[in-house]
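Data first, discussion second: the structure below is written as structure tokens.
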Amino acid sequence: MAHYRAMGNIPPKRHTQHPAPDGGLYYEELMGEEGFSSDSSLLYHREIPSEITASEVWELPDQTLTANHPLKPLHLQPHTLFGDDDASVADIDAVTGRRLLLGNGDVRLSYVATGTVSPWYRNAVGDELVYVERGAGRVETVFGSFDVAHGDYLLIPRATTHRWLPAPSGEAADGSVLRLYCTEASSHISPPKRYLSKYGQLLEHAPYCERDIHGPAGPLLAEDIGASREDETEVLVKHRGHGPGGIVGTRFAYPFHPLDVVGWDGCLYPYRFHISDFEPITGRVHQPPPAHQVFEGWNFVVCNFVPRKVDYHPLSIPVPYYHSNVDSDEVMFYVDGDYEARKGSGISRGSISLHPGGHAHGPQPGAYEKSIGIEYFDETAVMVDTFRPLDIGEGGLACDDGKYAWSWTGGR
């Protein structure tokens, strides 16, 4: 999204000398999408960003995927993968502790509950969209820092060096450990094109606007966090290669601290968006999922469902009609509230459902009729629809309830 920002110390003209106080020069780095043909930012470093002293293999968390065959809908319970208190997640970080739930060549969905500072990390495969389900923390990036909490999306562009610092549960407003739902793309993630003008402004019919997009506080330098600029630092890099799913990891060592950017400007940077700033689109009859779309990537979309008034036609049925997503798999993460359509299925807060293409799905038995007359849905959910089938990761296999597929028939 071409929304220009400038932060810190930058020269008046791009690609020109930028003198440093010690008599040397700051080093300009172009971070750009699609080669030199799309959005970009210019970052000004105190050190040469190409300088590394070591390159070693980083063994990624298990990226193995298993086909969903024979085909069936799934109910995943990711909360069972991690404990509920600080002690149980004390040694788990937001990068290496992720458990892969579902994935394909376009997108991977993972989950983590974390209690310790993550390594410095850079995803060179694609953008990451991380949703904060519970808890609070801080994210430090080369562009600046963010404070994140329950309900925040954080969009981190490809190859952005950053780390996660969870707050103790006692410091979070909701009293929970930091729980993250991670959407890792093999592409870029952006607002839907139909929300944008030809110049990149969010249009009047979009359910959010630029005022709802929050950039980083920064710039942020090593000494601002009590580190030395000369600290040799490891950065874990996830990148394309010949591993499972075409993804491998490398561990770079730098002879300096990664927080060395004195200023930057451009249209490419991480940003925060809170789900409560999404203004729901409603109608006289049930609105389809595209009305709830918030982001898109290559071959997938992200929607969110927020508390809202529902259908006001006198004969309306507020819960979704039964539908066959013949071109997509649908993943729903049930974050908060009361899910009218799923009552009786075992799904509750923290659940994730997979409804694969080829299977007609919809409300549980009785929910269709019971929803008549309801005027308001108190629910919050994050949905990812993919246009290639999803396979099941090791984390998904470990937290599948094993019985959701039969919930429409009571096990008959």
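Just so you know, we're using full-length UniProt numbering here: the sequence shown kicks off at 1 and counts up by one.
Even glycine gets a Cβ: it sits at the ideal position worked out from N, Cα and C.
Fair warning: this is a prediction, and the values are worked out from it, not measured in the lab.
What do you get for H15, buried or exposed, if any count of 16 or more other CB atoms within 10 angstroms of its CB means buried? The sequence position of residue 15 within the sequence shown is 15, counting from 1. By the neighbour-count rule (16 or more Cβ atoms within 10 Å), H15 is not buried but exposed.
Span separating the alpha-carbon of H323 from that of G337: For this step, residue 323 is matched to residue 323 along the sequence shown. For this step, residue 337 is matched to residue 337 along the sequence shown. Their Cα atoms are separated by approximately 23 angstroms.
Return helix, strand or coil for P365, following the three-state DSSP convention. As a working note, residue 365 is residue 365 in the sequence shown. Reduced to three states, the DSSP call for P365 is coil.
C-alpha gap between R412 and Q364, whole angstroms: Counted from its first residue, the sequence shown places residue 412 at position 412. Counted from its first residue, the sequence shown places residue 364 at position 364. Bear in mind that a pLDDT of 39 at R412, under 50, signals an unreliable position, so the model cannot answer this.
How would you write the range of the beta strand (DSSP E) that C303 sits in, first residue to last? The residue labelled residue 303 in the question sits at position 303 within the sequence shown. Where C303 is concerned, the enclosing beta strand (DSSP E) stretches over 300-305.
If we call anything under 8 angstroms between Cβ atoms a contact, is Y111 one with G395? In the sequence shown, the residue the question calls residue 111 occupies position 111. In the sequence shown, the residue the question calls residue 395 occupies position 395. For Y111 and G395, yes; Cβs fall inside 8 angstroms.
Limits of the unbroken alpha helix (DSSP H) element including C209: The residue given as residue 209 occupies position 209 in the sequence shown. Careful: C209 lies outside any alpha helix (DSSP H) and carries neither H nor E.
When the Cα atoms are used, what is the spatial distance from A185 to I317? What you label residue 185 is simply residue 185 of the sequence shown in a count that begins at 1. What you label residue 317 is simply residue 317 of the sequence shown in a count that begins at 1. For A185 and I317, the distance between alpha carbons rounds to 35 angstroms.
I'd like to check one pair, T386 with S328: are the Cβ atoms closer than 8 angstroms? Taking the sequence shown and counting its residues from 1, the one referred to as residue 328 is at position 328. Taking the sequence shown and counting its residues from 1, the one referred to as residue 386 is at position 386. Yes.
Backbone CA spacing between F377 and A217 [nearest angstrom]: Position 377 of the sequence shown, counted from the first residue, corresponds to residue 377. Position 217 of the sequence shown, counted from the first residue, corresponds to residue 217. Taking the straight line joining both Cα atoms gives about 35 angstroms.
If distances are taken between C-alpha atoms only, which option among G366, H359, F333 comes closest to K343? By 1-based counting over the sequence shown, the position of residue 343 is 343. It is G366.
With contact counted as at least three CB pairs below 8 angstroms, one residue from each stretch, are the segment 257-272 and the segment 25-43 in contact? yes
Touch test, the segment 135-145 against the segment 201-217, Cβ-Cβ under 8 angstroms, three pairs minimum: yes
Cα-Cα separation between D400 and E223, rounded to whole angstroms: To locate residue 400, count along the sequence shown from 1; it is residue 400. To locate residue 223, count along the sequence shown from 1; it is residue 223. About 45 angstroms.
Are the beta-carbon atoms of L236 and D260 separated by less than 8 angstroms? Stepping through the sequence shown from its first residue, residue 236 is reached at position 236. Stepping through the sequence shown from its first residue, residue 260 is reached at position 260. No, the Cβ-Cβ distance between L236 and D260 is not below 8 angstroms.
Taking the alpha helix (DSSP H) that E394 falls in, what are its first and last residues? As a position in the sequence shown, residue 394 is number 394, starting the count at 1. Note, E394: alpha helix (DSSP H), 394-399.
Between the alpha carbons of A136 and P73, how many angstroms are there, rounded? The count along the sequence shown starts at 1 and reaches residue 136 at position 136. The count along the sequence shown starts at 1 and reaches residue 73 at position 73. Looking at the two C-alpha atoms, the distance is approximately 32 angstroms.
Taking the alpha-carbon of Y254 as reference, which of D231, I275, V248 has the nearest alpha-carbon? Residue mapping note: residue 254 aligns to position 254 of the sequence shown, counting from 1. Here the closest residue by C-alpha is D231.
Nonlocal neighbours in the same chain, by C-beta distance under 7 angstroms from Y195, ignoring five residues either side: Start at 1 with the first residue of the sequence shown, and residue 195 comes out as number 195. Result list for Y195: L202, L203, A206, in chain order.
The ligand GDP heavy atoms versus the CB of G32: any closer than 7 angstroms? The ligand GDP is not part of the structure shown, which contains no ligands of any sort.
In angstroms with no decimal places, state the Cα-to-Cα distance between R229 and L397. Here residue 229 refers to the residue found at position 229 of the sequence shown. Here residue 397 refers to the residue found at position 397 of the sequence shown. Computed Cα separation, rounded: 43 angstroms.
Just the Cα atoms here: how many angstroms apart are T160 and D22? Position 160 of the sequence shown, counted from the first residue, corresponds to residue 160. Position 22 of the sequence shown, counted from the first residue, corresponds to residue 22. Going by the C-alpha atoms only, they are around 27 angstroms apart.
For P168, collect the residues of the same chain with a Cβ closer than 7 angstroms to its Cβ; drop the 5 residues on either side in sequence, then sort them by chain order. Start at 1 with the first residue of the sequence shown, and residue 168 comes out as number 168. If we look at P168 and ignore the five residues flanking it on each side, its Cβ neighbours are D86.
Between Y4 and the rest of its own chain, which residues show a CB-CB distance below 6 angstroms, the 5 nearest in sequence each way excluded? On the sequence shown, residue 4 is found 4 positions in, with the first residue counted as 1. Excluding sequence neighbours, Y4 sits near C267.
Going by DSSP, which residues form a beta bridge with Q293? Within the sequence shown, numbered from 1, the residue matching residue 293 stands at position 293. DSSP, once it has assigned bridges, lists C303 as partnering Q293.
Sequence-distant residues of the same chain with beta carbon closer than 7 angstroms to I372, five excluded per side: Indexing the sequence shown from 1 puts residue 372 at position 372. Within the same chain, I372 has close Cβ partners I317.
Drop a sphere of 10 angstroms on the beta-carbon of L76, count the other beta-carbons inside from all chains shown, and report buried for 16 or more, exposed for fewer. On the sequence shown, residue 76 is found 76 positions in, with the first residue counted as 1. Per the 10 Å Cβ criterion, buried.
Just to check my reading of the structure: I392 and L102 have Cβ atoms closer than 8 angstroms, yes? What is that Cβ distance to the nearest angstrom? The sequence position of residue 392 within the sequence shown is 392, counting from 1. The sequence position of residue 102 within the sequence shown is 102, counting from 1. With 8 angstroms as the limit, I392 and L102 qualify as a contact, their Cβ atoms being about 6 angstroms apart.
Determine whether the beta carbon atoms of R138 and L165 lie at a separation below 8 angstroms. Along the sequence shown, one-based indexing puts residue 138 at 138. Along the sequence shown, one-based indexing puts residue 165 at 165. Contact: yes.
Which runs of the beta strand (DSSP E) spanning at least 3 residues fall entirely within the segment 77-162, listed in chain order? 99-103, 107-114, 120-123, 128-134, 136-141, 144-149, 152-156
What does the alpha-carbon distance come out to for the pair Y26 and P19? On the sequence shown, residue 26 is found 26 positions in, with the first residue counted as 1. On the sequence shown, residue 19 is found 19 positions in, with the first residue counted as 1. For Y26 and P19, the distance between alpha carbons rounds to 6 angstroms.
Counting Cβ pairs closer than 8 angstroms, one from the segment 148-158 and one from the segment 63-73, do we hit at least three? no
Please report the straight-line C-alpha distance between V326 and A6, rounded to a whole angstrom. Taking the sequence shown and counting its residues from 1, one reaches residue 326 at position 326. Taking the sequence shown and counting its residues from 1, one reaches residue 6 at position 6. Answer to the nearest angstrom: the Cα atoms are 44 angstroms apart.
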